[in-house]
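Residues in the sequence shown are numbered consecutively from 398, following our numbering. Structure first, then comments.
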Amino acid sequence: MQWGLKNRLSGIIKPETGRTLMLALDHGYFLGPTTRLEDPKKTITPLLPYADAIMLTRGILRNCISPDVNTKVVLRVSGGSSIIGKDLSNEAIITSLKDAVRLNASAVALSIFVGSEYEHQTLVNLAKLVDEAEEYGIPVLAVTAVGKELEKREAKYLALSSRIAAEFGAHFVKTYYCEGFEKVVEGCPVPIVVAGGPKMNTEFEVFELTYRAIQEGAVGVDMGRNIWQAEYPVAMIRALRSIIHENKTPKEALELFNEIKNKG
Ligand code: 5RP
């Protein structure tokens, strides 16, 4: 792996622990002003010190994040469909690599939609992005998106998508935690981060998902709604950090969460 690419990747996946806490904030690119992300700056600012990287579009980066930020940037560069459009999988590259370099991105992210109508198009997008990003030494995060078809969140499907992403040259992969997650990890030769999915009922469930994903081989999370839609987002992200970087159990993370929450 080239030095620059490796250096950028190690800014995201921290060499001290081999893990990462990425904060996903890209939801607006197809959902518009999602609940609690209506005013991104207000939501994101208190969380920034606790994230290793933020994943977002250039519009939110330019308008809502101060350029003196210490947190690494993973720039979403695919899009082109909305939640009210015909098909979420109809994506293209929407941001150039030149702009990613100008914005000092540590990685670029794009979605692939395996099994969808636009499977071929999104996989070719990935292949082309890897070719171009490697010229600049920028790692590519492939997001194994499932669109509206959430029933596809099972090991067989996620293992297929994650492996294809790695075969096409993605340097790391974002997928979902699922039953039999070890199979997804086993078949994917590059690091995996997991999304959180829709907001869960309790904090403990989020801690359990994160803990299990890590135990079963993920290098961390790229989580959004379960952090910034939480009642106490700072307590939430700090507790998640303790699982990811300090090997705390869900029970210990909940204790820390309550401690931070009660301090206000
Ligand atoms: C959408 C994405 C989102 O960033 C991803 O779903 C993570 O957010 P959440 O934890 O809210 O599911 O990549 O394709």
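Note that beta-carbon positions come from the ideal geometry of N, C-alpha and C, so glycine has one too.
Between the alpha carbons of residue 499 and residue 605, how many angstroms are there, rounded? In the sequence shown, counting from the first residue as 1, residue 499 sits at position 102. In the sequence shown, counting from the first residue as 1, residue 605 sits at position 208. Approximately 38 Å between the Cα atoms of the pair.
Please report the distance separating the alpha-carbon of residue 657 from that of residue 505. Along the sequence shown, read from residue 1 onward, the residue named residue 657 stands at position 260. Along the sequence shown, read from residue 1 onward, the residue named residue 505 stands at position 108. In a straight line, the C-alpha of residue 657 is about 33 Å away from that of residue 505.
Runs of 4 residues minimum, wholly inside the segment 479-508: which ones carry the alpha helix (DSSP H) assignment? 494-499
Decide if residue 528 is buried, meaning its Cβ has at least 16 other Cβ atoms within 10 Å, or exposed. Here residue 528 refers to the residue found at position 131 of the sequence shown. Residue environment: residue 528 is assigned as exposed (fewer than 16 neighbouring CB atoms within 10 Å of its CB, all protein chains considered).
Would you say residue 475 touches the ligand 5RP, meaning its beta carbon is less than 7 Å from a heavy atom? Counting from one through the sequence shown, the residue named residue 475 turns up at place 78. No, the beta carbon of residue 475 sits no closer than 7 Å to any heavy atom of the ligand 5RP.
Residue closest to residue 425, alpha-carbon to alpha-carbon, out of 436, 644, 514 and 510: For this step, residue 425 is matched to residue 28 along the sequence shown. Measuring from the Cα of residue 425, the nearest candidate turns out to be 436.
Close beta carbons around residue 497, own chain, < 7 Å, minus the five adjacent residues each side: As a working note, residue 497 is residue 100 in the sequence shown. Excluding positions up to five away in sequence, the list reads 472, 474, 505 and 535.
Among 411, 445 and 558, the one whose alpha carbon lies nearest that of residue 464: Your numbering for residue 464 matches position 67 in the sequence shown. Considering only alpha carbons, the answer is 445.
Measure the Cβ-Cβ separation of residue 523 and residue 592 and say whether it is below 8 Å. Your numbering for residue 523 matches position 126 in the sequence shown. Your numbering for residue 592 matches position 195 in the sequence shown. It is not a contact, given that the beta carbons lie outside the stated cut-off.
Considering only the alpha carbon of each residue, which of 611, 570, 620 and 610 lies closest to residue 594? Translated into the one-based positions of the sequence shown, residue 594 becomes position 197. The shortest C-alpha separation from residue 594 is found at 620.
For residue 507, which option in 530, 584 and 659 has the closest C-alpha, if you only look at C-alpha atoms? Residue mapping note: residue 507 aligns to position 110 of the sequence shown, counting from 1. It is 530 whose Cα lies nearest to the Cα of residue 507.
Enclosing alpha helix (DSSP H) for residue 524 [first to last residue]: The residue you call residue 524 lines up with position 127 of the sequence shown. Segment 516-533, the alpha helix (DSSP H) holding residue 524.
What does a CB cutoff of less than 6 Å around residue 438 pick up in its chain, not counting 5 residues either side in sequence? Counting from 1 along the sequence shown, the entry for residue 438 is found at position 41. Taken in chain order, the residues that qualify are 461.
Member of 635, 574, 537 and 655 whose CA lies at the smallest distance from the CA of residue 420: The residue labelled residue 420 in the question sits at position 23 within the sequence shown. The residue with the shortest Cα to Cα distance from residue 420 is 635.
What residue ranges within the segment 566-625 form continuous alpha helix (DSSP H) runs of no fewer than 4 residues, ordered along the chain? 578-583, 600-612 and 622-625
Beta-bridge pairing of residue 513 - partner residues as DSSP gives them: Counting from one through the sequence shown, the residue named residue 513 turns up at place 116. Answer by DSSP bridge pairing: none, since residue 513 is not bridged.
Can you give me the C-alpha to C-alpha distance between residue 533 and residue 512, rounded to a whole angstrom? Position 136 of the sequence shown holds residue 533. Position 115 of the sequence shown holds residue 512. The alpha-carbon atoms of residue 533 and residue 512 are separated by roughly 30 Å.
Let's test the definition: count the other Cβ atoms within 10 Å of the Cβ of residue 521 and tell me whether it reaches 16, buried, or not, exposed. To locate residue 521, count along the sequence shown from 1; it is residue 124. Classification for residue 521: exposed.
Contact check, residue 493 vs residue 469, beta carbons under 8 Å: Translated into the one-based positions of the sequence shown, residue 493 becomes position 96. Translated into the one-based positions of the sequence shown, residue 469 becomes position 72. The answer is no: Cβ separation not under 8 Å.
List, from N- to C-terminal side, the alpha helix (DSSP H) runs of 4 residues or more that fit wholly inside the segment 622-649. Given a length threshold of 4 residues, each whole run of the alpha helix (DSSP H) inside the segment 622-649 is given here in chain order: 622-625 and 630-643.
Taking 7 Å as the cut-off, is the beta-carbon of residue 508 closer than that to any non-hydrogen atom of the ligand 5RP? Counted from its first residue, the sequence shown places residue 508 at position 111. Yes.
Specify, as a first and last residue, the run of the beta strand (DSSP E) that residue 451 falls within. As a working mapping, residue 451 is identified with position 54 in the sequence shown. Residue 451: member of the beta strand (DSSP E) spanning 450-453, first to last residue.
Reduced DSSP secondary structure (H/G/I, E/B, other) of residue 563: Start at 1 with the first residue of the sequence shown, and residue 563 comes out as number 166. Judged by DSSP in its simplified three-state form, residue 563 adopts helix.
Cα separation between residue 600 and residue 616? Sequence index remark: in the sequence shown, residue 600 carries index 203 (1-based). Sequence index remark: in the sequence shown, residue 616 carries index 219 (1-based). Answer to the nearest angstrom: the Cα atoms are 20 Å apart.
Once the 5 residues before and after residue 563 are set aside, which same chain residues still bring their CB inside 7 Å of it? Along the sequence shown, one-based indexing puts residue 563 at 166. So the list reads 570, 585, 586 and 587, once near-sequence residues are dropped.
Can you determine whether any heavy atom of the ligand 5RP sits closer than 7 Å to the C-beta of residue 411, and answer yes or no? Residue numbering aside, residue 411 sits at position 14 when the sequence shown is read from its first letter. No, the ligand 5RP has no heavy atom inside 7 Å of this Cβ.
8 Å contact criterion, which residue 550 and residue 540 should meet: CB distance rounded: Here residue 550 is taken as the residue at index 153 of the sequence shown, counted from 1. Here residue 540 is taken as the residue at index 143 of the sequence shown, counted from 1. Wrong, their Cβ atoms sit about 13 Å apart, outside the cutoff.
Where the beta strand (DSSP E) containing residue 406 begins and where it ends: In the sequence shown, residue 406 corresponds to position 9, counting from 1. First-last for residue 406: 400-409, but that is the alpha helix (DSSP H), not the beta strand (DSSP E).
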